[in-house]
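Per my numbering: the sequence shown ends with 321, consecutive numbering throughout.
No residue lacks a Cβ here, since even glycine has one placed at the ideal position from N, Cα and C.
Quick caveat: nothing in here was measured; it's all calculated off a predicted structure.
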Amino acid sequence: SRPSDMVALPRQMHFESPNLSFQVSEGEPDDSNAAPITPSSKKTLTPARKRRQKARQQARGLKLHLEHSIKEGASPLQRAKLHLEHGQAEQRGCRFASAIHSFFKAAALFRQCSRTVALATALDHAALTYCQAQQQGKESAIQEHFKESFFFRCLHEALKLRKEELGPWHVDTVDTLQHLALLFMLT
């Protein structure tokens, strides 16, 4: 049994909440907000675009490593850490829907392993990624699956977990408060 204020992230990658039901597919989500880098555009790569390209390459490498670790029978904790790293690489590459997808997979696995601080990190990253997508006007692919209130609940749960485990003045707890304020300002 879980408390009613806990964001529902079941172990089978099916997400439910009072206002939302979401099944995570095994494939990549449609992340149409990420423009592909074509050979003709390589001549005019800006530093920011180079960073995104490098992050996307890292994400592809992490995805292959994750697939290999699943075949080799990696523990749920190892897979969760890889999903978290993959989500961070996708976030840096501005592939926001894919990043959120990875963060929620990591959150479900961290919950399964009873890793509350890591669970809070995954939830926090998912909500922060939504804020970044919203700031760049690329939240439409995400809003097809999640309502804004879902990310508020994610941050509230992350804040609660971090306060319990780390204390109210820990830097990560304060960061979660800042992310909650940012999400509030963007709505």
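Closest option to S236, judged by alpha-carbon separation, among L198, C228, A256: A256. In the structure shown, the three-state DSSP call for E291 is helix. By the Cβ-count criterion, F284 is buried, with 16 or more other Cβ atoms from all chains shown falling within 10 Å of its own Cβ. The beta carbons of L289 and L314 sit about 5 Å from each other, so the pair counts as a contact at 8 Å. Below 8 Å, too few C-beta pairs join the stretch 218 to 226 and the stretch 268 to 277 to call them touching: fewer than three.
For the 7 Å CB-CB criterion, T310 and R296 form a contact. Shown here, H304 sits in coil according to DSSP, grouped into three states, outside any helix or strand. Scanning A241, E299, K281 for the CA closest to the CA of L211 turns up A241.
Ranked by how close their Cα comes to the Cα of R229, the residues K281, G301, R194 have R194 in first place. Look at K215 here: in three-state DSSP terms it is helix.
Distance between G207 and E282, taken at the CA atoms: about 35 Å. K184 and V308 have their C-alpha atoms some 31 Å from each other. Here R186 has G227, C228 as same chain residues with Cβ atoms under 6 Å from its own Cβ, once five neighbours each way along the sequence are excluded.
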